Every structure is written in structure tokens, then in C-alpha cells.
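There are 2 protein chains.
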Amino acid sequence: MCDYAGRVPSFHGEDRRPTLSDVAARAGVSKSLVSLVMRAEPGASAETRRRVQEAADQLGYQPDSRARLLRSGRTRLLGVVFGIQHTFHADLVTELYAAARETGFELALSAVTPGRDEPEAINGLLQDRCEALLMVAPRSPVAALARLAARLPVVVLARGVRDAAVDVVRNADADGMHLAVDHLVRLGHSRIAHIDGGRAAGAADRRRGYRDAMGWNGLAASVRIVPGGLTEEDGAAAARALLDDLPTAVAVFNDRCATGVLDVLTRARVEVPAEISVIGYDDDRLARLSHLDLTTVAQDTAAMARLAVGRAIERAEGSPVGRRELVAPPRLVVRGTTGPCVSR
Amino acid sequence: MCDYAGRVPSFHGEDRRPTLSDVAARAGVSKSLVSLVMRAEPGASAETRRRVQEAADQLGYQPDSRARLLRSGRTRLLGVVFGIQHTFHADLVTELYAAARETGFELALSAVTPGRDEPEAINGLLQDRCEALLMVAPRSPVAALARLAARLPVVVLARGVRDAAVDVVRNADADGMHLAVDHLVRLGHSRIAHIDGGRAAGAADRRRGYRDAMGWNGLAASVRIVPGGLTEEDGAAAARALLDDLPTAVAVFNDRCATGVLDVLTRARVEVPAEISVIGYDDDRLARLSHLDLTTVAQDTAAMARLAVGRAIERAEGSPVGRRELVAPPRLVVRGTTGPCVSR
DNA sequence: CGCACATCCTGGAACGTTCCAGGCATCCAC
DNA sequence: GTGGATGCCTGGAACGTTCCAGGATGTGCG
């Protein structure tokens, strides 16, 4: 009755953590019943449920996910591969957690870092017997992704992959860049440059969107594409290249890159948006910083996360699913770095 | 002999992944032997070892970590709690992966996001039966950390915690800020302000370091502390507050915050470092961006990661350990945002 | 030749769960 | 009263590993 004190686990190695049997013994019921109660399944009276719960609390019982999952044959685990250095990936992961919240599935994160490549990140998750893989803008070649998809459901986020076996959740990159250009045109700009993303995921589509939109607006002759990339560094370099012959507006591959552009411009005493308008892409949390106040094209990360998690679970459960590729519409977010063209 | 083709797992739900027994059957040996071979333990002849390996490869066998760990009683898992929105945390996690590489321990990441608080992040790791917890600049009160440390070894990074039960790996924040101030004084500055980190981890120590260093340099009368924080936003706000009465130099709580400061300054046409010197803290990858070129005080993340992982493992194995608190020395990194004082 | 001692291997019992088949009351309808 | 539900509970067999106690062989040495 008052033997509680001694049971608080304190010497880590020594006394092992309490198990179902311990709780069962203390509550005077069977393991199976405790199991029921812990999972909130029907089949126990309110009174016993309370007693069991109490015993569990007193012992500080925590179910062992390994045993649990081993037995049930399912891990209810979704593996997430992402680049820990990318703020936009972080934003997506944040939303993935939110989306997974009420689904009964947990997320297992595996980061790609400068010293830990994608195959390595994936391998860890395979050993954990994840039921599906969510990959944020993976770099692996299509063939590798396809091979992986033969083992378990693979959902790729923020990158297009033309393979029948892998699901894709992305935003309409071309449309988004179209929005950006249209916005600039409406503001009176015609000399609109594009700093691109090189071989990054989505870069090709955004480049195409830029070209199309320019053509659509009768500005095909003014197309100007400057090689960029996906980091601040890349943006800064591109902006420096632009300084000699400034356009009146520039649509940048993504927000990180745009940050680099902005920085070089302000240092060079080029007024934004008075002399030049800048628009980014992603609506990365960077863009939202009030001091940057970057106009951008938002990817609906929340919606994409929901779609991706939903799709991954459907596949894991073997439910019939619809279209292999889910495309979220992008949305223009006007902030302070774009303004009317004051032609020189 | 040629029954290989059919065994490539393809319909996810249908045929379960191969187990030890499958491999054993195919190689014509016992499960136990396969187990030995997979773990590269002695006790099998070179020839059988080869045969088993071959069978495993053909089946695409991957050990099931759940079962493995359940049985062995150990998870060889180190839980990592970190803020996914913080670039510096990402830098540390990157190093943690590197440090864990050859230890036989794996990292289990659990992110803190705006919608997922620390207790929740911790809980996930507890269910995974991690053998120790690495917490990057946790916000939890000391009491909560102490309670946690009663259950399993806890190593806190980048924050001081005065509790006998939790290990701490941090850099000497006060010394680091001392270095920063000394550097500025050497450059001829005397009107040196400090934009602080409020209640953030390490902020109190850095504030103290600033005060001490000012006193030490005979500048006690010039002490000027401006409330800041740990984000770009906070830095921008602090910088705006400073504009009316600019000091000749400012030592900022961290690099993220310094980024905000720099941005506001350049926009206000204040030349850095000609009119004002700015120094950050952390040597976050932000600071290294060439276009920012921020002078800063580097925390030796690689060393801290090694120490933290080492300490966590020692505790998990129950080896005797030395001092509870490990302090890494900070290092001044001079880049482009600090320069000689041109007093007005 | 017999005995100890490697070396290579096997069988079966754990680990902490979940799941299934069933047991024992109690209750209701006929 | 009897038969069948229904509600609450139990015991024991999985799950895929590792670990331990041993069983074969072969080898060296007195």
C-alpha cells in the first residue's frame, strides 16, 4: 500500500523499467487487461480501468514501443528524410508533425547533413521498419527512388518524379512562378530577370513558368535567366552579376536565395522596391521576417504535409488511392519588396 | 536455385520482409548462426559466413531493429531533442551525427516545433527506450530536467543547469563574450553596447561576460545593455532602438540576432564596420555566409558534440565519469564586420 | 588410447508486447 | 429454467531477435 517510494526508478542500469506484468501484478489483473487499458480499447470496466491506470502511473510505466510494434507487426512509423540545413525543409517537417498528430502514426526523422548522405539517412529508417517514407526534396536519382519504392511506399515532397511507383506531393512550381511574373507585370515591370535554382528540385519547372509567363505577357524578348542556386550564397553571387545592368524586377528561385540577393542590393545602395522589385518563392519563415518583409510565392506547406501524410498512410494500409501526383496551388504573398515600376 | 526472381519484395503489404529464419533456411544453417554472422561476431567459419551473407543479400534481408533491441535489452539509441527552427541547433545535430558515427550508437531525433513542445518531444523518445537523452538548449525548468534525469541519463548541451543529476556540455559563454569585448577594445572601441538574449539559454552568462569585460577594461561606466532575443526579429528591433544614439560597436547575443541587427543597420545606411562594428556569437552557419561575413565567437560544435555523445554513452554504460560539467573554450573568429574605431 | 580443449554449430528460452480463443458471470427473453 | 447474448476478464501463443547451454567434430598431448 505504501511501497511506492522505493519504486521510483533511480539507478538507471540497475532496476529495469516497469513492464506490463509489473503493472498487472500491482493492479491484481492480467497482462492482457492492462494492455487493453493502455490502448484504450473496449473490454474493461470503468472501475478496473481506473485501478490499472493508477497502478501504471505510480510505477511510471511507459509502454515499450519496440515490443509493441514487434508483436503487432506494424510500426505505425513514417520515416522522414530531410535536409537539416534547409529552413524550408524545417518548415515542412514542422507541418508534417502537425499532420501526423491525430493519425496514430509517428514520425521518425532522419536528417541529411553535410556528413551524412541520403542513402545513409534512408538506411536508418529501413532498419526501423518504417511503413512508408516521406522524402523532402530528395537528391537521389529517379532510379534509386524507384528501387526504394519497390520495398515500401515512398512519397516525395517538393520535387517532381516521373515514376509510376512513387507518389509525389508538390506545388505547381510553374504556375507559382507565373503568378510572380504576372504580379510584377501588373506593377508595370517589363525588364524582369529570373535567378534560377540550377539543378535543384523544382528549379526546372520554375524556370519554365518564368519563360511561359514572360511569353504570355508579350515579354519573350526580355527573358533573362541568371544562374543561381538554393542558398544565400548563390543569391548573393547572382545579384553581384546583375549589378552592372540592373533589371527593374527579379523573380528569384527561392527565399533563401532571395535573401542573399537583397543583402547584396542594399549594400550596393540599390533601393528595394524603389529601384528594383524582388520576389522570392516558398514563403519560408525567412520571408516572413518583418525586417526582410519579402514578397514571395507561398507553397501551402500545411496542405502539402497533410496530403503527403495522408497518402503515405493510405499506401501503408493498402487502401486504394487516386492520382499518383498531388499538386497544391501556390499563392502570391505580397509584402514589401515589390512595388510599381518607376522606369528610368 | 533460380527461385530468386520471385523473392524480390514488391507488394508491400503482402509478402512480409525476410527474417533470420528465412535466411537460415536458405543457407541451410540455424538462426543463431545467421545472427552471429550478421553481427560479425566470432564463431563461424569463413566459408559458412560467406554462404550466409550471400543468402541474406539475395533475400534483401535487413535486421529488424525492434526485435534485435527488444531481445538484447539495449537500444543503443541516443535521443536528441532540438529546435528544428534554430540554425545553430541544426549545426549541432550535424556534429552529433558525426560524433555518434563510430560508437555503435544511433541517434533518434525528436524535434521541438511551434506546435510540438518539449515534453511531447521527450515523450516520443522515452517510448523508444533511448538509453540517454541529449538535449540542445532545452527550455524545461531545472526541476523537470532533474526528474527526467532520474529515469535516464540526461546530457544538456549549450545551457547551464545546476543540478547534480544532469550532465552539461557547454561553451564558456562568459569567457566568449569577454573575447568579443576584448577584441573590440583592441580595435579602439569604448562605446560598446550589448544586445542580450533575454532569458534564452546562455544569455545570463554572456551578459555577465560582457559586464565583466567592460569593467576589466575600465569601461564600467560605458556599459549599455539593450534587450534583444535569439531571433533575427529581436535583433532588428534592438537595432532600431539603437539608431538614435549609436555606439561605435555592438556585441550581440548570437548570430541570428546579429543578422537582424546588420540588416537594419545597412538599410539605415550605417556603414559596417566603418561606422559601427558588429560581433555575433555561435559561428552559426549564418555567420559564415560570405555576403554577411560576420565576425563572431565560435562555439566548438564538433568538440561539444563529441563530448556530449561520449558522456551520454559513458552514463548509459554505467562507466565511471568525471566532472559533471564539461566546458569547451570559445574562439574568436574575425571576419568583416568589425574594424578599427574611427571616433567621431 | 584417453582426455582436455578448441572450433563450429544447434536448439530453445527469453525480451515485452498484442492477439486470439475461450471462461465465467450476469441478464434477458421465452 | 434453459439458451443465448453480452460484458469482463485470463492464459498462452506469437512476433524476430539474442543469448546461453550444450552437442558434435577435430587436434594436441601425456
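Chains A and B supply the protein sequences, listed in that same order. For the first sequence, my numbering begins at 1 and goes up steadily by one. For the second sequence, my numbering begins at 345 and goes up steadily by one. Ideal Cβ positions, reconstructed from N, Cα and C, are used throughout, including at glycine. Note that the structure is predicted; figures quoted are calculated from it, not measured.
Buried or exposed: where does residue i fall if 16 or more other Cβ atoms within 10 Å of its Cβ makes it buried?
| i | result |
| --- | --- |
| B/Glu615 | exposed |
| A/Val8 | With a pLDDT of 38 at A/Val8, under the threshold of 50, the modelled position of that residue is not reliable, and the figure given next carries that caveat. Exposed, by the Cβ-count rule. |
| A/Arg39 | exposed |
| A/Asp57 | exposed |
| B/Leu587 | exposed |
| A/Glu106 | buried |
| B/Arg500 | Reading the sequence as shown, one finds Val at residue 500 of chain B and not Arg. Buried: at least 16 other Cβ atoms inside 10 Å. |
| A/Glu102 | exposed |
| A/Asp229 | Here residue 229 of chain A turns out to be Gly, not Asp, going by the sequence shown. With 16 or more Cβ atoms within 10 Å of its Cβ, A/Gly229 is classed as buried. |
| A/Asp234 | buried |
| B/Pro362 | buried |
| B/Ile569 | exposed |
Say whether chain A places a C-beta atom closer than 8 Å to the C-beta of residue i.
| i | result |
| --- | --- |
| B/Leu478 | no |
| B/Arg460 | yes |
| B/Tyr625 | no |
| B/Thr363 | no |
| B/Ala652 | no |
| B/Ala442 | yes |
| B/Gly468 | yes |
What does a CB cutoff of less than 6 Å around residue i pick up in its chain, not counting 5 residues either side in sequence?
| i | result |
| --- | --- |
| A/Ser10 | Per-residue confidence for A/Ser10 stands at a pLDDT of 39, beneath the threshold of 50, marking its modelled position as unreliable; the derived number appears in the next sentence. Cβ within range, chain order: n/a, list empty. |
| B/Gly387 | Leu380 |
| B/Arg552 | Ala518 |
| A/Leu307 | Val169 and Leu326 |
| B/Phe426 | His433, Val437 and Val480 |
| B/Arg395 | Ala371 |
| A/Pro273 | Thr337, Thr338 and Gly339 |
| B/Tyr405 | Pro362 and Val367 |
| B/Ala490 | Asp507 and Ala509 |
Just checking: is the beta-carbon of residue i within a distance shorter than 8 Å of some beta-carbon in chain B?
| i | result |
| --- | --- |
| A/Ala5 | Residue confidence is low: A/Ala5 scores 30 on pLDDT, short of 50, so the model does not pin down where it sits. No coordinate-derived value is stated. |
| A/Arg129 | yes |
| A/Leu109 | yes |
| A/Thr338 | no |
| A/Thr113 | yes |
| A/Glu106 | yes |
For residue i and residue j, I'd like the C-alpha separation in whole angstroms.
| i | j | result |
| --- | --- | --- |
| A/Leu246 | B/Leu633 | 23 Å |
| B/Arg322 | B/Ala368 | This structure cannot settle anything about residue 322 of chain B, because the visible part of chain B is limited to 345 through 688. |
| B/Ala646 | B/Leu440 | 8 Å |
| B/Leu531 | B/Ala524 | 11 Å |
| A/Ala149 | A/Glu131 | 11 Å |
| A/Ala55 | A/Ala27 | 6 Å |
| B/Asp507 | B/Asp472 | 25 Å |
| A/Asp22 | B/Leu470 | 18 Å |
| A/Gly202 | A/Thr48 | 56 Å |
| B/Ala544 | B/Arg483 | 8 Å |
| B/Gly542 | A/Arg159 | 40 Å |
| A/Ala287 | A/Arg116 | 28 Å |
| A/Val161 | B/Ile536 | 54 Å |
| A/Leu59 | B/Ser663 | 27 Å |
Note down, in chain order, each residue of its chain lying with its Cβ closer than 8 Å to the Cβ of residue i, except the 5 sequence neighbours on either side.
| i | result |
| --- | --- |
| B/His527 | Ile623, Thr639, Leu676, Val678 and Thr682 |
| B/Ser374 | Ala368 |
| B/Pro673 | Asn515, Ala516, Asp519 and Asp644 |
| B/Ser621 | Leu528, Leu531, His533, Thr592, Ala593, Val594, Thr639, Thr681, Thr682, Gly683 and Cys685 |
| B/Arg495 | Leu470 |
In chain order, what residues of the same chain lie with their CB nearer than 7 Å to the CB of residue i, ignoring the 5 residues before and after it?
| i | result |
| --- | --- |
| A/Ala239 | Gly260, Val261, Val264 and Leu265 |
| B/Ala455 | Phe426, Ile428 and Ala465 |
| B/Ala660 | Glu475, Ala476 and Pro497 |
Does the beta carbon of residue i fall short of 7 Å from some heavy atom of the ligand SAM?
| i | result |
| --- | --- |
| B/Asn467 | For the ligand SAM, the structure offers nothing, since it holds no ligand at all. |
| chain A contacts made by the stretch 600-614 of chain B, where a contact means CB separation under 7 Å | Here the close residues are Gly604, Asp607, Val608, Thr610 and Arg611.
| field | Contacting positions in the stretch 628-650 of chain B - beta carbon closer than 8 Å to chain A | value | Against chain A - using a Cβ distance shorter than 8 Å - the residues of the stretch 628-650 of chain B are Arg629, Leu633, Ser634, His635 and Leu636.
| message | Under 7 Å, CB to CB, which of the residues in the stretch 45-74 of chain A have a partner in chain B? | response | Taking 7 Å as the Cβ-Cβ cut-off against chain B, the residues of the stretch 45-74 of chain A that qualify are Gln62, Pro63, Asp64, Ser65, Arg66, Ala67, Leu69 and Leu70.
| query | At a Cβ cut of 9 Å, what residues of the stretch 564-581 of chain B count as close to chain A, listed as they run along the chain? | reply | Thr575, Glu576, Glu577, Gly579, Ala580 and Ala581
| What are the residues of the stretch 73-95 of chain A that lie near chain B, defined by any Cβ-Cβ distance shorter than 7 Å? | Ile84, Gln85, Ala90, Val93 and Thr94
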